[in-house]
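**Q** Read in this note's numbering, the sequence shown has 99 at position 55, and its numbers run on one by one without any break. Following this message is one structure expressed as structure tokens.
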Amino acid sequence: MAGGSGSRLWPLSRALYPKQFLRLNGSGSMLQNTITRLQGLECADPMLICNEEHRFIAAEQLRELGELNHNIILEPAGRNTAPAIALAAFAAIGQGNDPVMLVLAADHIIQHAEVFRESVRKALRFAEQDKLVTFGIVPTGPETGYGYIERGVDQGAGGFDVARFVEKPDEDTALEYIDSGEFYWNSGMFMFKASRYLKELKSHRPDIYKACEEAMMDLNSDLDFVRVNKEAFLNCPEDSVDYAVMEKTKDAIVVPMDAGWNDVGSWSSLWEVSDKDDSGNVHHGDVMSHNSYNNYVFAETGMVATVGIDDVVVVQTKDAVLVVKKDQVQDVKKIVEALKRDNRTEFQLHREVYRPWGKYDCIDNGARYQVKRITVKPGEKLSIQMHHHRAEHWVVVSGTANVTLDDETTMVTENESVYIPIGSVHSLENPGKIPLDLIEVQSGAYLGEDDIVRFDDWYGRS
């Protein structure tokens with residue numbers, strides 16, 4: 045499940061580039077790490093559920109792993125976890141079998157992969173017996189930001205009946221839970237047969253079951269994506285799998301897991317799971333510090349220096365800087381809410397924006413101009429398009445471009461340029477084997493991305 049926005053990890057996490065796609069802990073993204081930690085288990089190809097707006101980022105990250113195989117189901121809108129899992133269950137059964145589904149969130153950090161896999165193996169025994177398994181995280185302290193699971197009768201083989209699910213507690217209640225030794229953190233990870241989940245969903249939330257069933261009856265395949273019926277899915281109520289199924293079923297089992305799990309819900313939690321220097325600092329990028337302790341500092345571009353600060357988070361990106369005390373990081377979402385309310389682009393996009401053909405970086409802009417650095421991957425092509433309000437100059441920095449301007453196609457190579465007048469139909473293609481880099485200078489009365497009329501597009505956006 046690769047939904048959500050991760051607003052509390054702003055400015056790295058944005059609405060159109062949320063935290064599951066970020067490389068926060070290691071070389072892979074959180075989504076990629078979720079998939080690679082399955083190595084050593086007998087799993088089929090992963091099935092990814094994500095939002096329509098994130099489809100090309102998700103596809104590219106699966107392609108990097110060699111795991112892209114027409115296996116991304118797109119939600120027209122977020123409806124929480126119960127409907128998302130239902131779509132996957134219907135899809136799995138539609139392939140002619142009834143597999144045991146291991147349901148994972150794409151934005152968790154797990155430090156001990158083999159411990160995680162051993163818990164999965166324990167859970168499989170119960171799932172094959174038609175139980176609905178949830179994974180309970182062995183708590184390391186009285187955390188008030190998580191829901192809890194109270195264990196019941198010991199069923200042996202590493203599993204317990206679920207006595208009850210409880211909401212996020214206050215600190216005193218959380219201490220009681222920890223002292224009792226009978227409670228686990230609710231991880232949001234599950235395992236059950238596809239048919240068993242759908243049976244429970246139909247029993248307890250027939251409205252969700254029906255909407256998802258109807259949505260999966262009318263599928264549209266597009267490149268590596270599967271689109272469900274939009275109208276049917278938009279009629280689906282929102283609910284979590286916990287409320288819709290797990291708290292109502294009589295067959296819930298909790299399998300404890302002590303694998304260094306963290307849902308990375310804030311900058312302070314990311315600091316907690318990261319490797320630190322002798323001063324307790326976590327540094328990413330070009331960072332210098334003096335007389336500074338227990339800080340998290342992320343420098344995306346340029347150098348960041350700290351002097352005499354403790355317990356602070358500093359995150360610098362190309363278009364924003366965040367400075368916040370570690371004990372107040374939960375309020376970063378207040379900044380995000382204000383950015384959204386004011387219709388600021390920093391809420392939604394990074395300066396560097398990814399597209400299915402590559403990416404662009406907005407280097408500079410003014411009242412009637414904008415400068416971008418555009419990178420087109422080998423063999424990829426931008427849509428055949430036209431602009432009503434702007435003209436463009438393209439200067440090739442490296443690589444080779446095939447530029448179609450109205451009815452004429454020209455090859456443009458390094459240090460050469462081409463002018464795209466207002467109203468002309470044009471497209472750009474990289475026919476080579478190395479990335480194409482060019483500088484684009486836009487000029488005109490209106491420079492918004494919505495001034496694009498697409499006539500034809502490889503990626504289904506026209």
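Here a beta-carbon is modelled for each residue, glycine too, at the ideal position from N, C-alpha and C. Owing to the predicted nature of the structure, the values given are computational and were not obtained by experimental measurement.
#1: Our contact map puts residue 153 next to residue 308 with C-beta atoms below 8 Å; I'd like the distance itself, whole angstroms only.
#2: Return the CA-CA distance between residue 408 and residue 415, expressed in angstroms with no decimal places.
#3: Looking at residue 249 and residue 176, is the spacing between their C-beta atoms short of 8 Å?
#4: List the whole-angstrom C-beta distance separating residue 62 from residue 79, where the pair is believed to meet the contact cut-off of C-beta under 8 Å.
#5: To which residues does DSSP link residue 445 through a beta bridge?
#6: Report, in whole angstroms, the separation of the C-beta atoms of residue 272 and residue 129, which I expect to be a contact under 8 Å.
#7: Taking DSSP's pairing of strands, which residues face residue 145 in a bridge?
#8: Where residue 213 and residue 226 are concerned, what is the direct C-alpha to C-alpha distance, given to the nearest angstrom?
#9: Compare the beta carbon distance of residue 339 and residue 356 with 8 Å and say whether it is the shorter of the two.
#10: For residue 143 and residue 446, I'd like the C-alpha separation in whole angstroms.
#11: Bridge partners for residue 227 per DSSP, in chain order?
#12: Could you give the distance in angstroms between the alpha-carbon of residue 295 and the alpha-carbon of residue 174?
#13: Under the rule that 16 or more other beta-carbon atoms within 10 Å means buried, what is residue 432, buried or exposed?
#14: To the nearest whole angstrom, what separates the beta carbons of residue 85 and residue 161, a pair I think is in contact under 8 Å?
#15: I'd like to know whether the C-beta of residue 445 is nearer than 8 Å to at least one C-beta of chain D.
#16: Who are the Cβ neighbours of residue 194 in its own chain at under 6 Å, not counting the five residues just before and after it?
#17: Let me make sure I understand the geometry here. Which of 367, 473, 204, 468 has the alpha-carbon closest to that of residue 456?
#18: If you follow the beta strand (DSSP E) that residue 290 is in, where does it begin and where does it stop?
#19: Please name the residue, chosen from 67, 49, 350, that lies closest to residue 314 on a Cα-to-Cα basis.
#20: With a Cβ-Cβ cutoff of 8 Å, do residue 277 and residue 59 count as a contact?
#21: Report the start-end ranges of each alpha helix (DSSP H) in the region 368-437 that is 4 residues or longer and not cut off at the edges.
#22: So, with DSSP's three-state summary, where would you put residue 300?
#23: What runs of the beta strand (DSSP E), each 3 residues or longer, lie entirely inside the region 317-362?
**A** Taking the coordinates as given:
#1: 5 Å
#2: 5 Å
#3: no
#4: Their Cβ separation, rounded to whole angstroms, is 17 Å, which puts residue 62 and residue 79 out of contact at 8 Å.
#5: 456
#6: With a Cβ gap of about 13 Å, residue 272 and residue 129 do not count as contacting.
#7: 236
#8: 15 Å
#9: yes
#10: 47 Å
#11: 194
#12: 8 Å
#13: exposed
#14: 6 Å
#15: Protein chain content of the structure displayed is limited to a single chain, and chain D is not contained in it.
#16: 207, 208, 226, 227
#17: 473
#18: Premise fails: residue 290 is in no beta strand (DSSP E) and is neither H nor E.
#19: 67
#20: no
#21: 376-385, 389-392
#22: strand
#23: 326-334, 340-351, 356-360
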